[in-house]
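K.L.:
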Amino acid sequence: MPIDSAIYDITKNVIVAAPAGSGKTEKLSRRYIALLSAGIGPERILAITFTEKAAAEMKDRILRILKNENPELYKKIKEKIFLMRISTIHSFCLSLLKRFAFELNLDPNFEIVDPKDSGIIDSVLAASFTGIIEAGAGKNSGLAGLRRGLVELNSKYSWSQVKKTVEKLFMLRPSTLVGKPELLDVSGFAVARKTALEGISGHEYFTGHYGPLLNEKDPEKIVYFLNTQRELFLTTAKTARKLPPKEKKPLARETYGKVNEALLELYRAAKKLIFNRESVMFYEIFIYCNEQYFTRKKELNVLDFNDLEYITYCLLNDNPEVDNILFAFDEQTDHVLLDEFQDTNFLQWSIINKLTEEWHSGLGSKRDSGINPTMFIVGDEKQSIYGFRNANVEVFDAAAREMKKWYGNSFLFQQVSENYRCGSDITGFVNGVFSRIMAQGINGPKWRTRYERFYPKREISGKVEIIEIPKGGNENTAEAESVAGRIKELLEKKVKYIKNKENKELPEKITGADIAVLLRKRTHLADFEEAFEKAGIDYVVINGLGFYQQPEVIALRALLFTLIEPSDDLSVYLLLKSPLLKQNEDEIFNFIAEAGIFLYEKICKTGKLSIIREHVLQVNERPLSHILESFMEKAEGWKAFFEPQRAANIKKFIELVQNFETEGSSLQDIRAYFEERVDADEEPKANLSTEDTDAVKIMTVHTAKGLEFPVVFFVRMGEEVRKNRDSIRINEKMEKTGILYCPDKEIREQVPEYIELALKEEEEEKRIFYVAVTRARDYLVLSGVRDEKNKGFWKYLA
DNA sequence: ATGTATGGGCTTTTT
DNA sequence: GCCCATACAT
């Protein structure tokens, strides 16, 4: 790999636009080494990667290069390896929060939870809603307004629908500062009403049916009334009727259609007015629930993933101690390296920005003491596929502009276009497709993805193969079976190329482990599992809802933690909510209301659920695995988890515990092990023969990001992801972030903000396709159900 | 040819 | 509950 000296000039601030296969990790590692070689200690360099795995890989790569090229430095660094600060943004924020827990009024022993798994959001919403309804009923209650809003929403939508919408806002809260509702444009209401009324009054037929509309101005009543008449002017597909529902022809077809159009316009305009009101109601209810959510997390002493970023952001912006914090960071850190920058969201960029503010504001004392702090950013806009987590491609552009402004001549932007990964047929295919479907040059809206052509560096051609499954019959099974068949044919064939001693690439036989099957989503994963099983192909599903994410394992883990550490409130809470004990929120609240410090104590006081205490008391008497089994029997856990896979998972979990005990591990060791395993979830599901390393890997494109395989199958090409489905959206722009709300799909299709969001989603699909095809080194197979409509990813091919 | 009713299939990606 | 293909109606 050639060393481009400019980007390793450690006096320069650098952004490298490094496409797939261009040696991104290598460049990052070499920059890191350039810093080390200049005598900079590893403790003064902060590197942020996207995943823990990428962090580990980078550490690995750095050490490997050093070992080969600079053994002396390698020895020195190896001793200081624990000082290397290479982590994800989340764990970086975590360490910052732990360090400044006191300033933040946080208990430093807080734990991180996934609020979805733990059911905390569920319980908070239920409690908040009842709270609003009960407390808001009191005279002069501050909640009276919220109560009215909630009651009104409740009368229109079902209770569960309202809950779902607020829940959505919780899920969207990620990594962004939730802004105020962005209201829909309702300026057309007056005109729509005028046109509709004129249409009605012209014909007896219409005045007969729509008379009450003539003097109605209230949008609520207009919509209510039009709803009663909807089958008169709307088809089942919710378009304006051109023909009457029954054969009777009241008017000329053209007049009839025109008036219905006008009525539909009025109907939509009035709905928009209503949605705007509801939007504000939902927003206010959400804000209230969010406060309750924070209180509950405080009680349980937990934070969720989003809090890590959000609280760090607040710490750096609003905390009175901010100067000390920034000083502490600045004193420690001279160089920042950022990986996968295209997946950075606005909040994360703000955090980095704030931390390094002094480096470019000219206020810092670093330069006076001869230190030249730098930023080194690597990313590829074409691989930005985390939009749903608010990754914002525009951040990349904005960062380049800002850094240019801050650093002037000591800033360097470098576009890389060499590809060291794919055979030339594959790069040729990629160039052909993406130079057509992505933007060229700098024209067009900012969210359009731009494409720079690849220059293939490998000497072999590789191959791109296409499998088209005709529509009709059992097309899904047919595709899975074709893929299985093709895999069997390719196995043992010499389709991968490996360098020999003279650095010449020579063909070699492949094994299952060389093959990756990539999917856009997991929906039809079972078809492939089935087909592979039938064909006798060994496979592993990577990250398919992992062992530790299965509800039965979550329950058992909570039980295990409760036994080992009864003061672990969160685990006790999870155990209570689990199918083992089936306690609902009200019941749990009754426990919480008891006197005492820990939830476990409180439960014991009530004398209820004696099963918990009974088993906790056995902990030092008999093996944990026996206690787990006994608990399962008594709580009828086998009934709750009767499905074979779940039962097998439970057995496997208990076996794992048993193994530790026979090894003589301490309780705390066991607990620590399972705590760690949850994050690094790679444990294959029980009873699958996954021990063999020769298995074909099945995974989503998202999971495959950053990886490469000799042979890649990208399957289900014909599948389309539905755009514009969510009624509530976060509309994140650099300047402001707003909430969009419009539960009516037909109206959404006309609202410019939603239209733009749908276009952005389409861009992301292109990028997902790009990531998928650029995983392949030697052999790429695209397969899917295809018809003349060219749906899904097929439409990107010429 | 065009508009409408009906029934069957399916409802993302994850630190 | 919503999309799409298909059958049915004008």
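In my numbering, the protein residues as written are 400 to 1197.
The beta-carbon is built from N, C-alpha and C at its ideal position, and this holds for glycine as well.
Indicate the three-state DSSP secondary structure (helix, strand or coil) for residue 992 in the structure shown.
P.N.:
As a working mapping, residue 992 is identified with position 593 in the first sequence. DSSP places residue 992 in coil when its eight states are reduced to three.
K.L.:
For residue 967, tell me which candidate among 671, 996, 978 and 989 has the shortest Cα-Cα distance.
P.N.:
Locating residue 967 in the first sequence gives position 568, where the first residue counts as 1. The shortest Cα separation from residue 967 among 671, 996, 978 and 989 belongs to 996.
K.L.:
Can you name the residues that DSSP bridges to residue 810?
P.N.:
Residue mapping note: residue 810 aligns to position 411 of the first sequence, counting from 1. Residue 810 pairs with 412.
K.L.:
For residue 1105, collect the residues of the same chain with a Cβ closer than 7 Å to its Cβ; drop the 5 residues on either side in sequence, then sort them by chain order.
P.N.:
Numbered from its first residue, the first sequence carries residue 1105 at position 706. Correct list, in chain order: 453.
K.L.:
Where do the ends of the alpha helix (DSSP H) carrying residue 952 lie?
P.N.:
Along the first sequence, one-based indexing puts residue 952 at 553. Looking at the DSSP string, the run of the alpha helix (DSSP H) that includes residue 952 is 950-963.
K.L.:
Hey, would you say residue 568 sits closer than 9 Å to residue 596, going by beta carbons?
P.N.:
Translated into positions along the first sequence, residue 568 becomes position 169. Translated into positions along the first sequence, residue 596 becomes position 197. It is not a contact, given that the beta carbons lie outside the stated cut-off.
K.L.:
Judging by CA-CA distance, which residue of 487, 652 and 1024 is the nearest neighbour of residue 747?
P.N.:
To locate residue 747, count along the first sequence from 1; it is residue 348. If we check each option's Cα against that of residue 747, 487 comes out closest.
K.L.:
From the DSSP output, which residues share a beta bridge with residue 915?
P.N.:
To locate residue 915, count along the first sequence from 1; it is residue 516. BP columns for residue 915 point to 1096 and 1111.
K.L.:
Look up residue 906 in the DSSP assignment and say whether it is helix, strand or coil.
P.N.:
For the purposes of this step, residue 906 is identified with residue 507 of the first sequence, where counting begins at 1. Strand.
K.L.:
What is the DSSP secondary structure of residue 922, counted as helix, strand or coil?
P.N.:
As a position in the first sequence, residue 922 is number 523, starting the count at 1. Residue state, collapsed to three classes: coil.
K.L.:
Opposite residue 737 in the DSSP bridges: which residues?
P.N.:
In the first sequence, the residue the question calls residue 737 occupies position 338. 447 and 776.
K.L.:
Roughly how far, in whole angstroms, is the beta-carbon of residue 622 from the beta-carbon of residue 670, given that I think they are within contact range, below 8 Å?
P.N.:
Position 223 of the first sequence, counted from the start, is the residue given in the question as residue 622. Position 271 of the first sequence, counted from the start, is the residue given in the question as residue 670. Their Cβ separation, rounded to whole angstroms, is 6 Å, which keeps residue 622 and residue 670 in contact under 8 Å.
K.L.:
Residue 778 and residue 1175 - do their beta-carbons sit closer together than 9 Å?
P.N.:
Position 776 of the first sequence, counting from 1, holds the residue named residue 1175. Position 379 of the first sequence, counting from 1, holds the residue named residue 778. In this structure, residue 778 does not lie closer than 9 Å to residue 1175 by Cβ.
K.L.:
Could you say which of 758, 710, 580 and 589 lies nearest to residue 681 if we only look at CA atoms?
P.N.:
Counting from 1 along the first sequence, the entry for residue 681 is found at position 282. Out of 758, 710, 580 and 589, the CA that lies nearest to the CA of residue 681 is found in 580.
K.L.:
Along the alpha helix (DSSP H) that carries residue 838, what are the first and last residues, could you check?
P.N.:
Along the first sequence, read from residue 1 onward, the residue named residue 838 stands at position 439. Membership of residue 838 in any alpha helix (DSSP H) is not indicated, and neither H nor E is assigned to it by DSSP.
K.L.:
Among the candidates 899, 807, 914 and 868, whose CA atom is the shortest distance from the CA of residue 887?
P.N.:
As a working mapping, residue 887 is identified with position 488 in the first sequence. When each option's Cα is compared against that of residue 887, the closest is 914.
K.L.:
Please list, in chain order, all residues of the same chain as residue 618 whose beta carbon is under 6 Å from its beta carbon, the five residues on each side excluded.
P.N.:
Here the question's residue 618 lines up with position 219 in the first sequence. Excluding residues within five positions, the ones whose Cβ falls inside 6 Å are 669, 672 and 673.
K.L.:
Just the Cα atoms here: how many angstroms apart are residue 1082 and residue 839?
P.N.:
Locating residue 1082 in the first sequence gives position 683, where the first residue counts as 1. Locating residue 839 in the first sequence gives position 440, where the first residue counts as 1. Residue confidence is low: residue 1082 scores 41 on pLDDT, short of 50, so the model does not pin down where it sits. Its coordinate-derived value is still stated next. Their backbone Cα atoms lie some 43 Å apart in a straight line.
K.L.:
Residue 916 and residue 927: beta carbons closer than 9 Å?
P.N.:
Translated into positions along the first sequence, residue 916 becomes position 517. Translated into positions along the first sequence, residue 927 becomes position 528. Result yes, Cβ atoms of residue 916 and residue 927 sit closer than 9 Å.
K.L.:
Consult DSSP for residue 574 and reduce its assignment to one of helix, strand or coil.
P.N.:
For the purposes of this step, residue 574 is identified with residue 175 of the first sequence, where counting begins at 1. Reliability of the predicted coordinates at residue 574 is poor, the pLDDT of 46 falling under 50, and no value is obtained from them.
K.L.:
Compute the Euclidean distance between the alpha carbons of residue 774 and residue 413, then round it to the nearest angstrom.
P.N.:
Along the first sequence, one-based indexing puts residue 774 at 375. Along the first sequence, one-based indexing puts residue 413 at 14. Spanning the two alpha carbons is a distance of roughly 6 Å.
K.L.:
For residue 718, which of 500, 918, 1128 and 977 has the nearest alpha-carbon?
P.N.:
Locating residue 718 in the first sequence gives position 319, where the first residue counts as 1. Ranking the options by Cα distance to residue 718, first place goes to 500.
K.L.:
Quick one: Cα of residue 591 to Cα of residue 1140, how far?
P.N.:
Translated into positions along the first sequence, residue 591 becomes position 192. Translated into positions along the first sequence, residue 1140 becomes position 741. In this model, residue 591 and residue 1140 are separated by some 21 Å (Cα to Cα).
K.L.:
Looking at the unbroken beta strand (DSSP E) that takes in residue 638, where does it start and where does it end?
P.N.:
Walking along the first sequence from the start, residue 638 turns up at place 239. No beta strand (DSSP E) holds residue 638; DSSP gives it neither H nor E.
K.L.:
What three-state label does DSSP hand residue 1181 in the structure shown?
P.N.:
Taking the first residue of the first sequence as position 1, residue 1181 is located at position 782. Correct three-state label for residue 1181: strand.
K.L.:
Using the Cα positions of residue 570 and residue 1102, report the straight-line distance between them to the nearest angstrom.
P.N.:
Here residue 570 is taken as the residue at index 171 of the first sequence, counted from 1. Here residue 1102 is taken as the residue at index 703 of the first sequence, counted from 1. Cα to Cα, residue 570 sits roughly 21 Å from residue 1102.
K.L.:
Could you check the C-alpha separation between residue 1089 and residue 714 for me, to the nearest Å?
P.N.:
The residue given as residue 1089 occupies position 690 in the first sequence. The residue given as residue 714 occupies position 315 in the first sequence. With a pLDDT of only 38 at residue 1089, under the threshold of 50, the placement of this residue in the model should not be trusted, and no figure is reported.
K.L.:
Please list the terminal residues of the continuous alpha helix (DSSP H) segment that includes residue 675.
P.N.:
Looking up residue 675 in the first sequence gives position 276. Segment 652-699, the alpha helix (DSSP H) holding residue 675.
K.L.:
Per DSSP, what kind of secondary structure is residue 870 in: helix, strand or coil?
P.N.:
To locate residue 870, count along the first sequence from 1; it is residue 471. Note: residue 870 maps to coil in three-state DSSP.
K.L.:
Using a Cβ-Cβ cut-off of 6 Å (strictly less than) and excluding sequence neighbours within five positions of residue 646, which residues of its own chain qualify?
P.N.:
One-based indexing of the first sequence puts residue 646 at position 247. Any reading at residue 646 must be qualified, since the residue scores a pLDDT of 49, below 50, and its modelled position is unreliable; the value itself is stated next. Result list for residue 646: empty, nothing under 6 Å.
K.L.:
Thinking just about the alpha-carbon of each residue, which of 999, 1001, 1170 and 640 is nearest to the one in residue 918?
P.N.:
The sequence position of residue 918 within the first sequence is 519, counting from 1. Measuring from the Cα of residue 918, the nearest candidate turns out to be 1170.
K.L.:
Note down the Cα distance separating residue 1033 from residue 1055, rounded to an integer number of angstroms.
P.N.:
Along the first sequence, one-based indexing puts residue 1033 at 634. Along the first sequence, one-based indexing puts residue 1055 at 656. Computed Cα separation, rounded: 21 Å.
K.L.:
Does residue 738 pass the burial test, meaning 16 or more other C-beta atoms within 10 Å, or should it be called exposed?
P.N.:
Position 339 of the first sequence, counted from the start, is the residue given in the question as residue 738. Its Cβ being crowded by 16 or more others within 10 Å, residue 738 is buried.
K.L.:
Relative to the C-alpha of residue 1113, which candidate in 1193, 731, 1062 and 460 has its C-alpha closest?
P.N.:
Here residue 1113 corresponds to residue number 714 of the first sequence, with the count starting at 1. Comparing Cα-Cα distances from residue 1113 to each of 1193, 731, 1062 and 460, the minimum goes to 1193.
K.L.:
Can you look up residue 422 in the DSSP assignment and give me helix, strand or coil?
P.N.:
For the purposes of this step, residue 422 is identified with residue 23 of the first sequence, where counting begins at 1. Note: residue 422 maps to coil in three-state DSSP.
K.L.:
Indicate the three-state DSSP secondary structure (helix, strand or coil) for residue 815 in the structure shown.
P.N.:
Within the first sequence, numbered from 1, the residue matching residue 815 stands at position 416. It is coil, neither helix nor strand.
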